[in-house]
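K.L.:
Take this structure first; my questions come after.
Number of protein chains: 2
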Amino acid sequence: MASTDSITLPAPFDAHVHLRQGNMMRLVTPHVEQGGIRMAFVMPNLVPPLTTPEQTFAYTKELQAIAPNLHFLPSMYLSAQLTPEHIRQAKAGGIVGVKSYPRGVTTNSDGGVGMEGYGVYDEVFAEMEKQDMVLNLHGEVPSDVDGDGTCVLNAEERFLPHLREINRKFPKLRIVLEHCTTAAAVECVKTLPANVVATITPHHLALTIDGACSSSLGFCKPLAKFPSDRAALRDAVRSGSPKFFLGSDSAPHPSSSKLPALQVAHVTAADGSPAHEVTLPSPCAAGIYTSQNLVPLTAEIFERAAIPLACLEGFCSTFGREFYGFPAPQGHEVTIRRVEGKKVDKAFGYKTDKGDDEWVIPFMAGENIGWEIAA
Amino acid sequence: MASTDSITLPAPFDAHVHLRQGNMMRLVTPHVEQGGIRMAFVMPNLVPPLTTPEQTFAYTKELQAIAPNLHFLPSMYLSAQLTPEHIRQAKAGGIVGVKSYPRGVTTNSDGGVGMEGYGVYDEVFAEMEKQDMVLNLHGEVPSDVDGDGTCVLNAEERFLPHLREINRKFPKLRIVLEHCTTAAAVECVKTLPANVVATITPHHLALTIDGACSSSLGFCKPLAKFPSDRAALRDAVRSGSPKFFLGSDSAPHPSSSKLPALQVAHVTAADGSPAHEVTLPSPCAAGIYTSQNLVPLTAEIFERAAIPLACLEGFCSTFGREFYGFPAPQGHEVTIRRVEGKKVDKAFGYKTDKGDDEWVIPFMAGENIGWEIAA
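Chains V and S, in that order, are what the protein sequence lines are. The opening position of the first sequence corresponds to residue 0 in numbering that gives the first Met the number 0, with each subsequent residue numbered one higher. The opening position of the second sequence corresponds to residue 0 in numbering that gives the first Met the number 0, with each subsequent residue numbered one higher.
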């Protein structure tokens with residue numbers, strides 16, 4: 000499969016990607032294939048979220064029209080309105096997973112539930128188990144820094160008892176702990192049965208809290224954490240366990256949301272003198288964008304992290320495909336090769352749906368990258 | 000001293016403030032008095048840093064010319080060039096402290112030393128102990144996320160053995176662990192003798208990691224940490240121990256450094272077509288600005304944190320003054336009173352030394368504040 004300078008992977012699979020809507024969707028959806036991905040599990044946290052099978056089917060059709068050669072795995076947004084009947088319709092229509100967002104933990108997650116409310120899903124989870132659908136968990140408890148002390152650093156570890164409990168109640172339900180970031184999560188997933196797995200993002204294999212907090216371009220949920228947590232993620236990938244595979248959580252935001260600015264308007268005061276009206280910046284949007292070069296970027300990060308390149312095939316192709324039950328089709332292999340002097344693109348320009356010029360800044364923008372897709 | 004609606008404090012003391020240079024200095028130095036402070040311990044991390052007594056005397060003179068009624072306590076920057084003779088000159092000239100910055104941990108700290116090098120200061124520390132000068136420690140080990148695993152979250156805890164060691168070697172040296180942020184640091188300072196104390200910033204009594212990472216306006220070094228760390232800081236203040244007192248670490252930066260932007264230039268490509276040149280944003284500057292309303296802000300944060308207002312006098316006035324040996328002079332009391340409908344200023348405009356329009360955005364900009372200085 001691999002020589003030192005060129006690696007061919009069976010039809011790579013990104014098990015967690017955000018493709019958005021409108022012009023942003025039209026910008027980023029083609030990037031997925033350009034980044035070397037042949038199958039993509041698509042997140043449903045749109046505005047409004049995809050809470051019904053019909054919405055999900057319609058969205059998937061939109062995506063398929065943009066990228067006809069990409070294999071989309073659609074997912075639906077877990078909400079209290081979902082019924083077992085919806086699950087049966089979803090399954091029949093080709094939806095493969097249901098994504099759970101605890102309320103308020105990340106972009107467009109206001110429709111999620113508080114952790115106290117997971118019991119309302121018992122019937123839905125039972126039907127999913129019966130239909131062999133996948134439950135995709137954003138595994139963070141909502142922050143409550145003035146209450147129970149949950150913050151972005153311990154939110155994932157505090158979610159793990161919920162993961163264990165769902166697995167205990169629905170032992171055959173296939174579960175993905177998405178974008179896991181802590182040693183505690185890796186350990187937990189390892190100890191649970193084979194039908195409980197986790198995705199890992201390339202950026203969490205690269206970043207720690209230092210990079211996540213010193214530039215808002217590194218800000219994402221879950222936040223990158225201690226070097227010891229990053230080491231546990233790297234070890235999980237190195238171990239070759241099929242429980243840990245690529246889910247990029249590639250999450251584009253316009254640069255105005257990633258780099259919110261101070262707005263100063265020049266106005267005239269009541270007395271006729273010149274004055275200013277100041278509008279403060281919003282908080283930074285959480286998310287890191289990696290779709291456009293995902294497979295080469297993953298190889299680059301593996302090398303920086305001293306993860307053997309031989310681990311790429313399992314991580315990017317076979318483990319996720321096996322879990323989801325979509326073996327790599329022949330003839331869809333992707334080859335990456337070494338390159339010198341190449342840099343990650345600095346930004347991708349597009350027009351917003353309102354007609355404004357905007358930019359999406361990718362992870363490691365402007366940095367050297369030693370791999371590219373072989374044409 | 001206090002009624003519910005008005006509190007009079009003996010000449011408040013900010014034991015840690017950054018007053019910068021040039022036009023920024025002219026903007027922020029008058030704010031110190033406006034914020035209710037009557038004595039200020041001034042940081043020496045200028046460009047270049049104040050590494051000699053002469054530089055420090057000259058800078059203090061500049062500040063004194065801007066704010067003649069403010070009592071400045073000058074400090075000098077610890078560097079390998081400092082000699083015992085410098086310490087004697089500094090003491091004779093009224094310099095009260097020497098500030099140690101481990102290399103690279105915060106703004107203008109490139110001249111600091113690595114932790115391996117503290118031994119080079121033995122003679123200087125011995126002379127400081129003899130002269131009864133204060134050692135002010137930025138208590139963080141430099142991050143080394145790819146090496147020993149030090150990151151911004153454990154950097155302070157990993158510094159504590161150095162604090163203990165300096166105290167062991169120089170038992171009479173008066174030491175301030177500046178802007179402490181962790182339960183571990185509070186515990187360590189409590190267990191050390193009375194000549195080892197700590198400053199606490201109002202923003203670390205208010206923020207946790209959630210606020211520190213979701214907006215670059217909350218980004219500072221040391222970073223705000225877990226809710227349990229914040230609780231330990233609040234408890235230290237509530238305890239009424241004279242070992243913990245106000246040092247604001249008020250650190251102004253122009254908004255272009257706090258909110259770095261993507262720069263896009265419209266250019267013409269070689270083939271004559273319109274193109275773009277993209278310049279990526281720098282990392283965010285670390286620092287939070289609080290000078291302009293420091294005493295009222297501290298009262299506001301005490302109330303939000305359920306710290307009794309009766310703790311203000313020790314925290315803002317007497318504890319720090321006792322430690323430094325400058326009891327509050329009669330006739331310099333400051334009164335704050337409750338106010339309704341008041342908000343923290345959104346930004347302070349100024350011209351940079353290059354003539355650009357810039358803004359300093361204070362902590363809690365635009366938020367309600369229930370206290371003000373009584374005119």
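Glycine included, every Cβ here is placed at the ideal spot set by N, Cα and C.
Would you mind telling me which residues of chain S sit closer than 7 Å to residue 378 of chain V, beta carbon to beta carbon, in chain order?
P.N.:
The structure shown does not extend to residue 378 of chain V, since chain V is modelled only from 0 through 374, so no value can be given for it.
K.L.:
Judging by CA-CA distance, which residue of V/17, V/36, V/91 is the nearest neighbour of residue 327 of chain V?
P.N.:
The option with the nearest alpha carbon to residue 327 of chain V is V/36.
K.L.:
If you draw a straight line from the C-alpha of residue 161 of chain S to the C-alpha of residue 143 of chain S, how long is it?
P.N.:
Cα-Cα distance, rounded: 17 Å.
K.L.:
Opposite residue 275 of chain V in the DSSP bridges: which residues?
P.N.:
Beta-bridge pairing links residue 275 of chain V to V/265.
K.L.:
Find the residues of chain S that neighbour residue 360 of chain V, judging by a C-beta separation of less than 8 Å, and give them in chain order.
P.N.:
The contacting residues are 261, 279.
K.L.:
Does DSSP put residue 281 of chain S in a helix, in a strand, or in coil?
P.N.:
If DSSP states are grouped into helix, strand and coil, residue 281 of chain S belongs with coil.
K.L.:
With distances taken Cα to Cα, identify the nearest neighbour of residue 105 of chain V among V/44, V/296, V/152, V/164.
P.N.:
Nearest of V/44, V/296, V/152, V/164 to residue 105 of chain V, Cα basis: V/44.
K.L.:
Chain S beta carbons: is any one of them nearer than 9 Å to that of residue 103 of chain V?
P.N.:
No, because no Cβ of chain S sits closer than 9 Å to the Cβ of residue 103 of chain V.
K.L.:
Rounded to the nearest angstrom, what separates residue 371 of chain V and residue 28 of chain V at their Cα positions?
P.N.:
The straight-line gap from Cα to Cα measures roughly 19 Å.
K.L.:
How far does the beta strand (DSSP E) with residue 74 of chain V in it extend, from its first residue to its last?
P.N.:
Start and end: 70-76.
K.L.:
Exposed or buried, residue 305 of chain S, counting other C-beta atoms within 10 Å across all chains shown (16 or more means buried)?
P.N.:
Residue 305 of chain S is exposed by the Cβ-count criterion.
K.L.:
Determine which residues of the segment 302-325 of chain V have a Cβ less than 8 Å from any Cβ of chain S, and write them out in chain order.
P.N.:
The residues in question: there are none.
K.L.:
Quick one: list the residues of chain V neighbouring residue 207 of chain S, beta-carbon separation under 8 Å, in chain order.
P.N.:
Under the 8 Å cutoff, chain V gives 144, 150.
K.L.:
Within a Cβ cutoff of 7 Å, which residues of the same chain sit near residue 343 of chain S, ignoring the five residues on either side of it in sequence?
P.N.:
Excluding positions up to five away in sequence, the list reads 292, 361, 363, 364, 365, 366, 368.
K.L.:
Grouping DSSP H, G and I as helix and E and B as strand, with all else coil, what is residue 356 of chain S?
P.N.:
Residue state, collapsed to three classes: strand.
K.L.:
From residue 9 of chain S to residue 261 of chain S, what does the alpha carbon distance come to, in whole angstroms?
P.N.:
Distance between the alpha carbons of residue 9 of chain S and residue 261 of chain S: 47 Å.
K.L.:
Let me confirm a value: residue 68 of chain S is counted as buried when at least 16 other C-beta atoms fall within 10 Å, else exposed. Which label applies?
P.N.:
That one is exposed.
K.L.:
Should residue 3 of chain S go down as buried or exposed, given a rule of 16 or more other Cβ atoms within 10 Å for buried?
P.N.:
By the neighbour-count rule (16 or more Cβ atoms within 10 Å), residue 3 of chain S is not buried but exposed.
K.L.:
With DSSP run on the structure shown, which of helix, strand or coil describes residue 343 of chain V?
P.N.:
Coil, per DSSP.
K.L.:
Quick check on residue 180 of chain S: buried or exposed, where buried means 16 or more other Cβ atoms within 10 Å of its Cβ?
P.N.:
Answer is buried; the Cβ neighbour count reaches 16.
K.L.:
Could you tell me which of V/213, V/201, V/277 sits nearest to residue 295 of chain V, measuring between CA atoms?
P.N.:
Residue V/201 is the option with its Cα nearest to residue 295 of chain V.
K.L.:
Is there at least one Cβ from chain S nearer than 9 Å to residue 282 of chain V's Cβ?
P.N.:
Cβ-Cβ to chain S under 9 Å: yes for residue 282 of chain V.
K.L.:
From the DSSP secondary-structure annotation, give me the bridge partner or partners of residue 233 of chain V.
P.N.:
Answer by DSSP bridge pairing: none, since residue 233 of chain V is not bridged.
K.L.:
Please list, in chain order, the chain S residues whose beta carbon lies closer than 8 Å to that of residue 286 of chain V.
P.N.:
Simply none; closest approach about 12 Å.
K.L.:
List the endpoints of the continuous alpha helix (DSSP H) containing residue 102 of chain S.
P.N.:
Looking at the DSSP string, residue 102 of chain S is not in any alpha helix (DSSP H), and its letter there is neither H nor E.
K.L.:
Suppose contacts are defined by Cβ-Cβ distances below 9 Å. Is residue 323 of chain V in contact with residue 95 of chain V by that definition?
P.N.:
Closer than 9 Å, so yes.
K.L.:
Is residue 127 of chain V helix, strand or coil by DSSP?
P.N.:
If DSSP states are grouped into helix, strand and coil, residue 127 of chain V belongs with the helices.
K.L.:
Quick one: complete alpha helix (DSSP H) runs, 4+ long, within the segment 185-245 of chain V?
P.N.:
Complete alpha helix (DSSP H) runs here, min 4: 201-205, 208-213, 226-237.
K.L.:
Is there at least one non-hydrogen atom of the ligand COA closer than 8 Å to the beta-carbon of residue 162 of chain V?
P.N.:
By its list of ligands, the structure shown contains no ligand whatsoever, and the ligand COA lies outside what it can speak to.
K.L.:
Give the C-beta separation of residue 236 of chain V and residue 310 of chain V to the nearest angstrom, bearing in mind that I take them to be a contact with Cβ-Cβ under 8 Å.
P.N.:
Contact flag correct, Cβ pair sits at about 6 Å.
K.L.:
Counting pairs of Cβ atoms below 8 Å between the segment 213-229 of chain S and the segment 159-176 of chain S, do you hit three or more?
P.N.:
No, the segment 213-229 of chain S is not in contact with the segment 159-176 of chain S.
K.L.:
Rounded to the nearest angstrom, how far is the Cβ of residue 98 of chain S from that of residue 76 of chain S, given a contact under 8 Å?
P.N.:
That belief holds up - the Cβ atoms of residue 98 of chain S and residue 76 of chain S are roughly 6 Å apart, short of 8 Å.
K.L.:
According to DSSP, is residue 367 of chain S helix, strand or coil?
P.N.:
The answer is strand: DSSP assigns residue 367 of chain S an E or B state.
K.L.:
Closest Cβ-Cβ distance between residue 258 of chain S and chain A: below 9 Å?
P.N.:
The chain labelled as chain A is not found among the protein chains of the depicted structure, namely V and S.
K.L.:
For chain S, find out if any of its Cβ atoms is closer than 9 Å to the Cβ of residue 240 of chain V; answer yes or no.
P.N.:
No, residue 240 of chain V does not count as interfacial toward chain S.
K.L.:
By the criterion of Cβ-Cβ separation under 7 Å, what are the contact partners of residue 226 of chain S in chain V?
P.N.:
Neighbours of residue 226 of chain S on chain V, chain order: 144, 148, 150.
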